[in-house]
Every structure is written in C-alpha cells, then in structure tokens.
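First up is the structure itself, then whatever we jot down about it.
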Amino acid sequence: MIVGTNLRKVYRAGHGEKLVFDGLDFTIMPGQKVGLLGRNGAGKSTLIKLIGGVEMPTRGKIERHMSVSWPLGFGGGFQGSLSGYDNARFIARIYGKSYRDIRDFVEDFTELGRQLRMPVKTYSSGMRARLAFALSLVIEFDCYMIDEIILVGDQNFQRKCHHELFEKRADRALLVASHSVETIREYCDSALLLDACRGTMYTDVDAALERYTNL
Numbered sequence: 004m005i006v007g008t009n010l011r012k013v014y015r016a017g018h019g020e021k022l023v024f025d026g027l028d029f030t031i032m033p034g035q036k037v038g039l040l041g042r043n044g045a046g047k048s049t050l051i052k053l054i055g056g057v058e059m060p061t062r063g064k065i066e067r068h069m070s071v072s073w074p075l076g077f078g079g080g081f082q083g084s085l086s087g088y089d090n091a092r093f094i095a096r097i098y099g100k101s102y103r104d105i106r107d108f109v110e111d112f113t114e115l116g117r118q119l120r121m122p123v124k125t126y127s128s129g130m131r132a133r134l135a136f137a138l139s140l141v142i143e144f145d146c147y148m149i150d151e152i153i154l155v156g157d158q159n160f161q162r163k164c165h166h167e168l169f170e171k172r173a174d175r176a177l178l179v180a181s182h183s184v185e186t187i188r189e190y191c192d193s194a195l196l197l198d199a200c201r202g203t204m205y206t207d208v209d210a211a212l213e214r215y216t217n218l
C-alpha cells in the first residue's frame, strides 16, 4: 500500500508562500483504482510528484510498500540530445532490465521506426508522448500514476494503450488525475477529492463526482 500521513506542502511564491496541502492523509491499497479529483490549483499534480518522489513534502511522510511509476506519458525526464533508443538504454540501466527487451517493446509499441534514431528534441509532442508512454509501460510497477493525458495518438494507438494499461495490468493499482467525469467513472473504484488543502477519500465514485461538480 501507499500511505500519506499529515502531509503539508508549501511553495515559495515571491516574498510569500503558497500552501498546497495541510494535514493531508490518504491510503492507496494494492489493486485499488483511485480517481484524483480537484479544481485547478488543488494540488493534483503536486500530490503525484510527492507520491512519485519527484518532490518532498514540507512536513509529514509518505510510505510506499509497493513500487510506483512516474506519471504515465511524462516526458520531462528525457535527455533531448539523445535518441529515443539512447533514452530507452538509459531507462534499462536504471531499472536493471535488458536493453534488448526494452528496445523491442519500444519499437513495436511506439511505431516510430527510424525516428527512434533521432534526437528526442526533434520529436513532435505526439511522438514524445508515444515514447514516454512506451517507456512508462516497459517497466512493471505495482501502482501506475496517470496525470490527465492517458491516451494519445490515433485510434489504433489508443487501443494499444488501453490494452496494455487497463487489460494486461488490470490487477495493478492506479492513481488517475483527471477533470473528466467520464474517465474517473469508467476506470476508478474510489476517489480522493482535494479541496481546501485537504483530501477526502470516497469509496462511492458517484458521490465523489457529485461533490466535485458542486465545488
């Protein structure tokens, strides 16, 4: 499971501070599909960064008893001057995986062909998203985090994304941040609603969505 206890997060903002969380508690169980709800600025992306270890809380702690992915589709970790292949090689080394296995999956999943030999900084946003999604899926995690964008590209590629994430990995936990009511209702069995620097966990997704739409 993943447990957040008494989380406080403050950012410096000019000469002042911006308070994002103050006393936030949550628990994500193995296999649980949690929709992360909240208005713009409520802290959805911040919470995903905290859970993923990209940032640290100002106070409180997060305990991870299962492996956690970086946000699916997140391309911020790419080295732009390196090719798609070289970025895949880098991921393989970090996670102790066979580069050959990662390369074969990336080639098949992204359908980028010769572009994988080109520097990532020359990629379009759609190409970067394909590569980022592939590299996110090629490493197996117990919990996958998804920040807003989960399906990119044409319908064929979207079907591949859906199959890999929601069918092949149906037993994994998910944390899905989205403004889409339809997405949360379709893929989640519970919801964490962020509001006023705190969070409320709902086991009834419809109740959470009703509260969210009335904020």
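In this text, residue positions in the sequence shown follow the numbering used here: the first is 4, and each later residue adds one. For every residue, glycine included, the Cβ atom is placed at its ideal position computed from N, Cα and C.
Residue i - DSSP class collapsed to helix/strand/coil
i, result
"serine 72", "strand"
"lysine 21", "strand"
"glycine 55", "helix"
"aspartate 209", "helix"
For residue i, the first and last residue of its enclosing beta strand (DSSP E)
i, result
"glycine 63", "62-67"
"leucine 218", "Segment: none, leucine 218 is in no beta strand (DSSP E) and carries neither H nor E."
"alanine 45", "From DSSP, alanine 45 is part of no beta strand (DSSP E); its letter is neither H nor E."
C-beta neighbour in chain B for residue i, strict 8 Å
i, result
"glycine 46", "The question asks about chain B, but that chain is absent: this structure has only one protein chain."
Exposure label - residue i; buried when at least 16 CB within 10 Å
i, result
"isoleucine 31", "buried"
"asparagine 159", "exposed"
"asparagine 217", "exposed"
"proline 33", "exposed"
Unbroken alpha helix (DSSP H) run spanning residue i, endpoints
i, result
"glycine 38", "Note, glycine 38: premise wrong, no alpha helix (DSSP H); beta strand (DSSP E) at 36-40."
Nearest-angstrom Cβ-Cβ length linking residue i and residue j, presumed shorter than 8 Å
i, j, result
"glutamate 176", "methionine 69", "Note on identity: in this sequence residue 176 is alanine, with glutamate being the wrong assignment. Right, the Cβ-Cβ distance comes to about 7 Å (below 8 Å), so this counts as a contact."
"methionine 130", "leucine 140", "Actually they are not in contact, since the Cβ atoms of methionine 130 and leucine 140 sit about 16 Å apart, beyond 8 Å."
"threonine 49", "aspartate 28", "No, threonine 49 and aspartate 28 are not in contact; Cβ-Cβ is about 16 Å, not under 8 Å."
Enumerated in chain order, which unbroken segments of the beta strand (DSSP E) with a length of 3 residues or greater are wholly contained in the segment 165-205?
176-180, 193-198 and 201-205
Please go through the segment 74-146 and give each complete alpha helix (DSSP H) segment of 4 or more residues, from N-terminal end onward.
87-98, 102-113 and 128-141
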